[in-house]
Each structure stands twice: as structure tokens, then as C-alpha cells.
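> Quick one: structure below, then a few questions.
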Amino acid sequence: MNVFSPSSDDRNGRRNPIRPAVQRTVIGALCLLISVLLLFFLGFSLFRTVTERAAEERRAETVVRIAGRYPTPTPDELLSGECDSDLTREEIEFFGENEAPLALDLYDSLFSGEDMPPAIPGELKIVRTDLSKNASPGTVLIKNNSSYEICVSDYLSADAQAIPTAISAPAPADPETEPLVLIYHTHGTEAYAEENRGSYAKKDLPRSTDITKNVVAVGQVLADTLNACGVPTLHCEIMHDAASYNRSYTSSRQTVQAYREQYPSLQYAFDVHRDALISDTCAYKVLTYDESTPVAQVMLVVGTDSAGAAHPGWRRNLAFAVNAQYLLTKRLGNFARPICIKRPSYNQQYTGLGVLIEIGTCVNTLREAKASAVILGETLAALIRAVSSDPTGADEYLMLN
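Each position in the sequence shown, counted from 1, maps to that position plus 91 in this note's numbering.
Written out as C-alpha cells, the structure reads:
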């Protein structure tokens, strides 16, 4: 008997009651199947979103497997063994040839700026992030990649609390009259993002030999600010990586030694860079705000003798960095990333009191970096003038005797 046939009545002319029951069963089964399929696709979409997000976070945390090795050591330093590295020779040579920036890990504080311009498909999306670890005012955080155990409180001067976080001088200093500070750039061609860019191709991250557009321009703002605050400062505009990236640290070392020979009064030297934080899909700008003004975050980098360099005085540089960081966190919350303490020396054994300074990243704008240099310069000037005015000397002031 065909229960679906319109003529499926019984022999007495009565409607077969099986037909509507089967139809309801089939319709119910179809509805159930559709519901199961919908739930499956929704679940699969959710699973894919979660796994893609987890993968992106893992990539961001590892950041091309070279995380924790910033500021960028040159391939020469890596191959010579001065810098510790788990990279193969082929990887080192690849990054040297392409002058690719290496990256620090991004902690766990990534967030996407809602007002960022849209990214071009296939390029690295620019993402804002705060890497300050939200330190409270006066708190000094460190990221210790050296072989030493370090207690920050051992390096913080008891006199630091009395230092103003910014000062102004009655008259600008003359940098040619017994200069105290040298600003220079081992990687001077490091540049910044154009305004209103939402993305960059990985092979086209900002670099420039125009000193009005690269990190040299930011160093000039830092030097001008220090001079305006009464700290005589020289600025070397040489881009030491322009001729040879691989020999940039060798070249900058020679420059520092020449300046110190010509100007015996020099007591400080700051190697100003910009960072580069990239994952497979994103490039990260480090940003905070001074009231409504966006400013790039900064990071002080202190080298040690852990990798074998003759640098017994690295603790003096660390003490200076700790006291500077203390003032920076008091001046502007979330402005400074934790101090990065590294195994290589980064030429700091030749600089007197000196640190390497990362101002922003390759996708911060030049405007953001310059605004940062003003805050940094005013704060460093306050510390330098306090140290210089102490009759006991820098070591005593920084609690290193």
C-alpha cells in the first residue's frame, strides 16, 4: 500500500490514518536534522574563532621565535657568540640580509584600537598595545634576561623621591660648553609609520635615510629638550647602519669613543632606537596618553657582561636606569615599559653612564615618538641635574659605593 498516494483509502472508502502520521514524523525528522546541522555549523564557527584567536595569541607571545632578544643584536654579534641565541646560522644570516627587526614578547596586554584605520588584506595590521604592565607611580618593573639575580630596591637612590619629575632651566645650555650628554643612533635608519596607516607589508616596515623622518629626528627632540632644561647635550646624526647593518654596533662604538676623546666632559651617552614588534599577522604600536596627546611608550635597555663583554660597570648603568624609571612612572603612568636587562653589553662599557632607549615601534608615528622624547628629556634632565649637583658624585648618589 502506498501511504503517500492520494488514493490510499481502504477498501471501505475510509481515509488511511497512517498517512498524516508518517508525514508528521518525516517533517519532524527534517526539522531535527536542520537544527542539528545549524548547531554543528555554529559550534564549528565558534571553535574556529577560538582556535584562531588562541593561535594568534601564541604567535604574539612568541613573536617569530626571536622574542626577548631586543634591542636587535647584529648578526656579527650573534655569530661571534657575544649575544646568546638559539637561532641557527641560516636564520641569523637571513635576518641580517633583510635587516628585519626582531621583537620582544608582547606580555599579555594586547588590545585593538577601535579608531585604527582599516588594514589592507595581506599586510600586517597595526594594533595598539600597552606594554607598561600598568606600573603604579614610582614602581620600577624589570624584565631580566641576564644571568644575574637583580633586586630593584638595591639600585633605587633614597634621594630620588625628592627629584622633580620635570624641570625648566633659566637659560638653555650650550652643548659646546663642556657637554654632559651624547645622543647617538646605532640604527639610525629606523623610521616610523605614516599618519593614518592601518597596515604595512612585512617587507616594507618603515626605514629611511632622511634624518627628518627617522629616529634621528626623535633624537634631535630629545637633545633639544635636554639643552632647554640646562643639560648640555650633543647629538650625533650619523646613521651607523646606513653603510652596513651588520657593522652598525662596531661603527657606533667608534663614534662614541671619538666623541669622548674630543669632549672629556661627557658623562652620559644614550643610544636612541625605535623598537619593532611584529607577529605573523600584526604589527604593534606601544601607546599611552599625556592627557589627550598620544605618546609612544619608551623602554630603557641595560646591557651587562653576561655574554662575555668586558663591562664590569654595568651596575652603574642599571642604577641610573632604575632611578630614571622611577621618575618616569611618577611623571606619566603607563609611559615606560619595564626596564629590559640583557646579556650583551650593546657598547655600554664605552659610554660612561648610558642606556639604550627604545622610543615607540616601527608603527608608532613620528609625532607620537617626538611627543615621547619631550617627556623623556625633561625627566632625564631632572635626574642628571640632581646627580651632577651632588658633591659626593654619581656613584654615591646612585648608591654604588
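Built from N, CA and C at the ideal position, the CB exists for glycine as well.
(1) Around the C-beta of Thr277, are 16 or more other C-beta atoms found within 10 angstroms, so that it is buried, or is it exposed?
(2) Across the stretch 344–353 and the stretch 402–410, are there enough close Cβ pairs to call them in contact, namely three or more that are closer than 8 angstroms?
(3) Answer yes if the stretch 263–274 comes into contact with the stretch 309–325, meaning at least three C-beta pairs across the two stretches below 8 angstroms, and no otherwise.
(4) Within 10 angstroms of the Cβ of Glu281, are there 16 or more other Cβ atoms? Answer buried if so, exposed if not.
(5) Between the alpha carbons of Val312 and Phe135, how many angstroms are there, rounded?
(6) Looking at the unbroken beta strand (DSSP E) that takes in Gly451, where does it start and where does it end?
(7) Do Ile448 and Val393 have their beta-carbon atoms positioned less than 8 angstroms apart in this structure?
(8) Can we say the stretch 301–310 touches the stretch 331–346, given the rule of at least three CB pairs closer than 8 angstroms?
(9) Please list, in chain order, all residues of the same chain as Glu214 whose beta carbon is under 7 angstroms from its beta carbon, the five residues on each side excluded.
(10) For Val231, which of Gln416, Ile432 and Arg422 has the nearest alpha-carbon?
(11) On the criterion of 16 or more Cβ atoms from any shown chain inside 10 Å, does Lys294 qualify as buried, or is it exposed?
(12) Would you please state the rounded distance, in angstroms, between the beta carbons of Val454 and Ala284? I believe it to be under 8 angstroms.
(13) What is the rounded straight-line gap between the Cα of Thr442 and the Cα of Val478?
(14) Counting only the same chain and skipping the five closest in sequence on each side, list residues whose C-beta sits under 8 angstroms from that of Leu423.
(15) Which same chain residues, not among the five before or five after Ser227, have their C-beta less than 6 angstroms away from its C-beta?
(16) Mind checking which residues open and close the beta strand (DSSP E) that includes Tyr336?
(17) How would you call Thr395, buried or exposed, if buried means at least 16 neighbouring beta carbons within 10 angstroms?
(18) Please report the residue range of the beta strand (DSSP E) in which Phe361 lies.
(19) Do Leu273 and Gly468 have their C-beta atoms within less than 8 angstroms of each other?
(20) Looking only at its chain, what residues have a beta carbon closer than 8 angstroms to the beta carbon of Ala210, apart from the 5 residues adjacent to it on each side?
(21) Once you ignore the five residues that flank Thr179 on each side, which residues in its own chain have a CB closer than 8 angstroms to its CB?
(22) Name, in chain order, the residues that DSSP records as bridge partners for Met390.
(23) Buried or exposed for Tyr239, going by 16 or more other Cβ atoms inside 10 Å?
(24) Beta-carbon within less than 7 angstroms of Thr384's beta-carbon, same chain only, minus the 5 sequence neighbours each way: which residues are those?
(25) What residue range does the beta strand (DSSP E) around Asn425 cover?
(26) Quick check: what's the CA-CA separation for Ile369 versus Gln114?
(27) Alpha carbon to alpha carbon, how far is Thr303 from Asp250?
(28) Any idea if Asp366 is buried or exposed, counting beta-carbon neighbours within 10 angstroms, 16 or more meaning buried?
(29) Between Val413 and Leu222, is the Cβ-Cβ spacing less than 8 angstroms?
(30) For Gly279 and Gln252, I'd like the C-alpha separation in whole angstroms.
(31) Can you tell which of Phe411, Asn235, Ala427 and Leu133 has the C-alpha that lies nearest to the C-alpha of Tyr359?
(32) Compare the beta carbon distance of Cys431 and Asn236 with 8 angstroms and say whether it is the shorter of the two.
According to the structure data:
(1) Thr277 is buried by the Cβ-count criterion.
(2) They do not touch, by the three-pair rule.
(3) They touch, by the three-pair rule.
(4) Residue burial annotation: Glu281 is buried, with at least 16 other C-beta atoms found within 10 angstroms of its C-beta.
(5) Distance between the alpha carbons of Val312 and Phe135 is about 53 angstroms.
(6) Taken as a continuous stretch (DSSP letters only), the beta strand (DSSP E) holding Gly451 covers Leu444 to Thr452.
(7) Result no, Cβ atoms of Val393 and Ile448 do not sit closer than 8 angstroms.
(8) For the pair of segments examined, the stretch 301–310 was found not to touch the stretch 331–346: the number of CB pairs separated by less than 8 angstroms stays below three.
(9) Excluding residues within five positions, the ones whose Cβ falls inside 7 angstroms are Ser290, Tyr291 and Ala292.
(10) Ranking the options by Cα distance to Val231, first place goes to Gln416.
(11) Exposure of Lys294 is indicated by the presence of fewer than 16 other C-beta atoms within 10 angstroms of its C-beta.
(12) At roughly 4 angstroms, the Cβ-Cβ gap stays under 8 angstroms, so Val454 and Ala284 are in contact.
(13) Rounded to the nearest whole angstrom, the CA to CA distance from Thr442 to Val478 is 17 angstroms.
(14) Correct list, in chain order: Thr379, Asp381, Val386 and Ile466.
(15) For Ser227, where only same-chain residues beyond five positions count, there are no Cβ hits under 6 angstroms.
(16) Note, Tyr336: premise wrong, no beta strand (DSSP E); not H, not E.
(17) Label assigned to Thr395: buried.
(18) Element bounds for Phe361: Tyr359 to Asp366.
(19) No.
(20) Closer than 8 angstroms at the Cβ level, and outside the excluded window around Ala210, lie Lys216, Ile217, Gly289 and Ser290.
(21) Its pLDDT being 44, under 50, Thr179 is placed unreliably by the model, and the measurement read from it follows with that caveat. Closer than 8 angstroms at Cβ, skipping near neighbours: no residue.
(22) DSSP, once it has assigned bridges, lists Glu449 as partnering Met390.
(23) Exposed, since its Cβ has fewer than 16 Cβ neighbours within 10 Å.
(24) For Thr384, where only same-chain residues beyond five positions count, the Cβ hits under 7 angstroms are Ala462.
(25) Per DSSP, Asn425 belongs to no beta strand (DSSP E) and is neither H nor E.
(26) Cα-Cα distance, rounded: 60 angstroms.
(27) Roughly 38 angstroms between the two C-alpha positions.
(28) Burial state of Asp366 is buried, judged by a 10 Å Cβ sphere holding 16 or more other Cβ atoms.
(29) The answer is no: Cβ separation not under 8 angstroms.
(30) Looking at the two C-alpha atoms, the distance is approximately 35 angstroms.
(31) With distances taken between Cα atoms, Tyr359 lies closest to Phe411.
(32) It is a contact, given that the beta carbons lie within the stated cut-off.
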